[in-house]
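Peer 1: Position in the sequence shown (first residue = 1) + 1308 = the numbering used here.
C-beta: ideal position from N, C-alpha, C; glycine also.
These numbers were taken from a predicted model, which means no experiment stands behind them.
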Amino acid sequence: MVFMFREESRSVPVEEGEVYDVTIQDIARQGDGIARIEGFVIFVPGTKVGDEVRIKIERVLPKYGFASLVE
């Protein structure tokens, strides 16, 4: 038995449409802020390192997600 892609099947800790409070920890090459929820990377445009923001998850992919700021 071969267990390939076992790591890929682990559950993602966020859900599209959900709102989270996060702190921006890094900046991506494209300039988007990066937050992490349980180690899962979320890209948040329009933010900078140190920002404490409320975000809404817009799109979830296997290894990372995208979110927008909630006003």
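(1) From Val1378 to Pro1370, what distance separates their C-alpha atoms?
(2) Which residue wins for smallest C-alpha separation from Arg1337, given the options Phe1351, Arg1362 and Ala1375?
(3) Flag this pair as yes or no: are the beta carbons of Val1330 and Lys1364 separated by less than 9 Å?
(4) Throw me the rounded Cβ distance for the Glu1366 and Glu1324 pair, which I believe falls under 8 Å.
(5) What three-state label does DSSP hand Asp1329 in the structure shown?
Peer 2: The structure says:
(1) As a working note, residue 1378 is residue 70 in the sequence shown. As a working note, residue 1370 is residue 62 in the sequence shown. Cα-Cα distance, rounded: 23 Å.
(2) As a first step, residue 1337 must be located in the sequence shown, where it is residue number 29. Looking at the Cα atoms, Phe1351 is the closest of the given residues.
(3) On the sequence shown, position 22 is the one that residue 1330 refers to. On the sequence shown, position 56 is the one that residue 1364 refers to. Cβ distance not < 9 Å, so Val1330 and Lys1364 don't count as in contact.
(4) Indexing the sequence shown from 1 puts residue 1366 at position 58. Indexing the sequence shown from 1 puts residue 1324 at position 16. 7 Å between Cβ atoms; contact.
(5) Here residue 1329 refers to the residue found at position 21 when the sequence shown is read from its first residue. Strand at Asp1329.
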